[in-house]
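Here the structure comes first, spelled out in structure tokens, and everything after it is commentary.
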Amino acid sequence: MKYRPIDLSGVKTYPLAERQNKVSIARDFGRPVSAGMSVAELLSALPPQLGSQALLGVIDAIVDARAKGKPVVMAMGAHVLKCGLQPVLKSLIEADAITAFALNGAGSIHDYEISLIGETSEDVGAVLHCGTFGMAEETGRDINLALKDGVALGLGYGEAVGRFIIDNDNPYREYSLLAICAEREIPVTVHVALGTDIIHQHPTADGAVIGEASYTDFKILTSVVAELGDGGVYLNVGSAVLLPEVFLKALSIAQNLGHHVDHFTTANFDMQQHYRPLQNVVKRPTSGKSRGYTLTGHHEIMLPLLAAGVLDRLKR
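If you want the numbering used here, it's the 1-based position in the sequence shown plus 14.
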């Protein structure tokens, strides 16, 4: 059947002034940006909507949490540390803005190598087929030894490696998040899946030791999560699967043991939003009276911006 173009002459319209609009100059526009602006001025110039509104909401939540003495936890994938953000994280630690950290196993490895030689991250593609990927002697030897000694003392994974860095006076220890946290007695937990990290390839690896160290850290993180209620903040930065799963289980245990974990804030920072962080960090844990945010962008941009806003607010 052949159709003729429809006749639009009978279409009804109405005045633009009668339409309800989502965006207005008065409510939703940013302000002019000029040279020499302060952090506060720059943040106030952001349009108060979408991503900038989420960023400001997270900054407010962190500052409010510390004013109440509530924990602010930052869980991070390894890429965050590979981006050279340890000095930014250190500034947040020194300002008492972040009170606990959680890493995956790869994060602890990058942190250790940085503390030892000031460098990390091998070219996997260049060495995989010759069988040398992940076989650097010092990395596997030292971390596995640190875990063995730490487990004997009842330490978790993060504190064991952090203390090892300090005790052996690694040349670049001031750039190590694990060492900084160990020095300041700040919880830094490491959560591993056996077989995923290069130190598991080494002859010195002991699955029982690695498992016990990481399991101790899981219980330590659960103790921190149990205190998030009524104003705490949990940030997931760049972990797509492992740490969101760990957080969900820690939260379940805390609730099971009778801890009131509600009225808190979560946020997921990543270069793209994935299923598990959205469900296990942003949505499911905040389905009561809590609040979840998503912020999308590169860590090397987003975390300094977040830190600048938090530190400026805390100073003022």
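A virtual CB, placed ideally from N, CA and C, is assigned to each residue, including glycine.
Counted within 10 angstroms of its Cβ, other Cβ atoms place residue i as buried (16 or more) or exposed
{"i": "threonine 80", "result": "It should be noted that the sequence gives arginine, not threonine, for residue 80. Arginine 80 should be labelled buried."}
{"i": "threonine 279", "result": "buried"}
{"i": "alanine 207", "result": "exposed"}
{"i": "proline 201", "result": "buried"}
{"i": "methionine 316", "result": "buried"}
{"i": "valine 25", "result": "exposed"}
{"i": "glutamine 166", "result": "Looking at the sequence shown, residue 166 is not glutamine but alanine. With fewer than 16 other Cβ atoms within 10 Å, it is exposed."}
{"i": "asparagine 35", "result": "exposed"}
{"i": "proline 205", "result": "One point to set straight first is that residue 205 is histidine, not proline, in the sequence displayed. Flag for histidine 205 reads buried."}
{"i": "asparagine 270", "result": "exposed"}
{"i": "glycine 50", "result": "exposed"}
{"i": "isoleucine 39", "result": "exposed"}
{"i": "tyrosine 171", "result": "buried"}
Contact set for residue i: own chain, Cβ-Cβ below 6 Å, skip 5 residues either direction
{"i": "glycine 302", "result": "Asp276"}
{"i": "serine 135", "result": "Lys96"}
{"i": "alanine 264", "result": "Leu235, Thr236 and Val239"}
{"i": "alanine 322", "result": "Val53"}
{"i": "isoleucine 112", "result": "Val86, Met88 and Leu106"}
{"i": "histidine 273", "result": "Ala240"}
{"i": "proline 318", "result": "Val102"}
{"i": "leucine 60", "result": "Gly44 and Ser66"}
{"i": "serine 190", "result": "Asp125, Ser129 and Ile179"}
For residue i: DSSP bridge partner residues
{"i": "aspartate 284", "result": "Thr310"}
{"i": "asparagine 250", "result": "Ala89 and Asn282"}
{"i": "phenylalanine 115", "result": "Met88 and Val202"}
{"i": "arginine 305", "result": "Thr279"}
Closest by C-alpha distance to residue i, when choosing among the options
{"i": "aspartate 211", "options": "Ser105, Leu265 and Ser228", "result": "Ser228"}
{"i": "histidine 216", "options": "Leu328, Leu117, Pro101 and Glu152", "result": "Glu152"}
{"i": "tyrosine 289", "options": "Asn250, His312, Asn182 and Arg305", "result": "Asn250"}
{"i": "glycine 71", "options": "Asp244, Thr300, Lys16 and Ala281", "result": "Ala281"}
{"i": "leucine 117", "options": "Met316, Asp326, Ile315 and Glu259", "result": "Glu259"}
{"i": "alanine 150", "options": "Arg330, Ala166 and Ile131", "result": "Ile131"}
{"i": "aspartate 284", "options": "Cys195, His313, Phe232 and Val25", "result": "His313"}
{"i": "leucine 64", "options": "Arg330, Thr308 and Phe115", "result": "Thr308"}
{"i": "leucine 257", "options": "Asn270, Gln269, Asp244 and Phe232", "result": "Phe232"}
{"i": "leucine 295", "options": "Leu325, Leu271, Ser266 and Leu262", "result": "Sequence inspection shows valine at residue 295; the leucine mentioned does not correspond to that position. Measuring from the Cα of valine 295, the nearest candidate turns out to be Leu262."}
{"i": "isoleucine 267", "options": "Gly176, Val77, Cys195 and Pro299", "result": "Pro299"}
{"i": "alanine 196", "options": "His214, Asp183, Ala174 and Gly209", "result": "Ala174"}
{"i": "alanine 68", "options": "Cys144, Arg330, Asp326 and Gly311", "result": "Gly311"}
Span of the alpha helix (DSSP H), counted from its first residue to its last, around residue i
{"i": "alanine 120", "result": "119-131"}
{"i": "threonine 210", "result": "Premise fails: threonine 210 is in no alpha helix (DSSP H) and is neither H nor E."}
{"i": "cysteine 195", "result": "191-198"}
{"i": "proline 258", "result": "256-270"}
{"i": "proline 29", "result": "No alpha helix (DSSP H) holds proline 29; DSSP gives it neither H nor E."}
{"i": "asparagine 158", "result": "151-166"}
{"i": "isoleucine 107", "result": "100-108"}
{"i": "arginine 177", "result": "171-181"}
{"i": "threonine 134", "result": "Unbroken run through threonine 134: none, as it is neither H nor E."}
{"i": "alanine 222", "result": "221-239"}
{"i": "serine 66", "result": "64-81"}
{"i": "glycine 139", "result": "138-141"}
{"i": "serine 58", "result": "53-59"}
Same chain only: Cβ atoms within 8 Å of residue i, ignoring 5 sequence neighbours per side
{"i": "phenylalanine 147", "result": "Glu136, Val138, Val141 and Ile212"}
{"i": "aspartate 220", "result": "Asn158, Leu161 and Lys162"}
Cutoff 7 Å; reference residue i; Cβ partners in own chain excluding five residues on either side
{"i": "arginine 187", "result": "Ser129, Ile179, Ile180 and Ala193"}
{"i": "arginine 198", "result": "Ile107"}
{"i": "alanine 120", "result": "Ala92 and Asp211"}
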